[in-house]
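Student: For what it's worth, our numbering labels the leading residue of the sequence shown as -18, then goes sequentially. Idealized CB from N, CA, C, for every residue including glycine.
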Amino acid sequence: MSYKFSPALEKKFEWLKSRYPVQDAVLIPLLHFVQNEVGYLSLDAMEHVAEKMNISPARVKEVASFYSLFRFEAGGKYVLQVCHNLTCYLKGSDQLLEWMEKNMELDDSGNSKDGVFRVERVECLASCGTAPVIQANNWDYFEELNLEKLQKIVEALRAGKWACASYEDRIQEGSVA
Ligand code: FES
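Laid out in structure tokens, this is it:
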């Protein structure tokens, strides 16, 4: 096992343990922090989490694999989840996906050639009233999208400008948990 929590993550782990009266409740927020640090939940990372939580690696994998918010393969810096459920489909999500496939040079796993993006098709993101919707990095929503808006978002992210400035702050303060 080569992965170990960074000193910052060790601190967050201690903070989580103090926040929840039941140790089991720490697992999901901790997995979010690990995913934010590593980019995905590698086997190494999940084994380390199991060791720290004093539970079996199988239990960690069982919990993590239940949620579509967790990723198990390395991918792009920005994970764009495109809702392709009915309302978003009727409002043009297939055109957004088509544009992304053509212009972002995605491989079969949805990773862009430049390594910046990973695109995933997901089920309803629970924001049907503002369809079509894309969720970025498990947190920020881009809503009422059209091709023009999507191109601007992709350009901004490619230039390293996170379109929702508060995201890093939320990670820092731990409110993502
Ligand atoms: S169908 Fe896309 S958010 Fe519900």
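Less than 7 Å separating the beta-carbons of Val41 and Ala31?
Tutor: Working through the sequence shown from its first residue, we reach residue 41 at position 60. Working through the sequence shown from its first residue, we reach residue 31 at position 50. Cβ atoms of Val41 and Ala31: closer than 7 Å.
Student: Tell me whether Val3 is buried or exposed, calling it buried when 16 or more other Cβ atoms sit within 10 Å of its Cβ.
Tutor: The residue labelled residue 3 in the question sits at position 22 within the sequence shown. Val3 is exposed by the Cβ-count criterion.
Student: Taking only the alpha-carbon atoms, compute the straight-line gap between Phe(-6) and Phe98 and give it to the nearest angstrom.
Tutor: Here residue -6 refers to the residue found at position 13 of the sequence shown. Here residue 98 refers to the residue found at position 117 of the sequence shown. Going by the C-alpha atoms only, they are around 28 Å apart.
Student: Taking three-plus beta-carbon pairs below 8 Å as touching, is the stretch 35 to 49 in contact with the stretch 64 to 71?
Tutor: Too few Cβ pairs lie closer than 8 Å, so no.
Student: Per DSSP, Val160 forms a beta bridge with which residues?
Tutor: Nothing about residue 160 can be read from this structure; the chain reaches only from -18 to 158.
Student: Any heavy atom of ligand 1 inside 6 Å of the beta-carbon of Ala117?
Tutor: Along the sequence shown, read from residue 1 onward, the residue named residue 117 stands at position 136. Not so, every heavy atom of ligand 1 lies at least 6 Å from the Cβ.
Student: Name the two residues that bound the continuous alpha helix (DSSP H) containing Ile115.
Tutor: For the purposes of this step, residue 115 is identified with residue 134 of the sequence shown, where counting begins at 1. Ile115 -> not in any alpha helix (DSSP H); beta strand (DSSP E) instead, spanning Ile115 to Ala117.
Student: For Gly96 and Gly141, which I take to be in contact (beta-carbon distance under 8 Å), what is that distance rounded to the nearest angstrom?
Tutor: Stepping through the sequence shown from its first residue, residue 96 is reached at position 115. Stepping through the sequence shown from its first residue, residue 141 is reached at position 160. The pair is not a contact, with the Cβ atoms about 13 Å apart (cut-off 8 Å).
Student: Quick one: does the C-beta of Val114 sit closer than 6 Å to a heavy atom of ligand 1?
Tutor: Translated into the one-based positions of the sequence shown, residue 114 becomes position 133. Yes; taking the cut-off as 6 Å, the Cβ of Val114 has a heavy atom of ligand 1 nearer than that.
Student: Compare the C-alpha of Leu24 against each of Glu125, Tyr(-16), Leu50 and Tyr59 and name the closest.
Tutor: By 1-based counting over the sequence shown, the position of residue 24 is 43. The candidate whose alpha carbon is nearest that of Leu24 is Tyr(-16).
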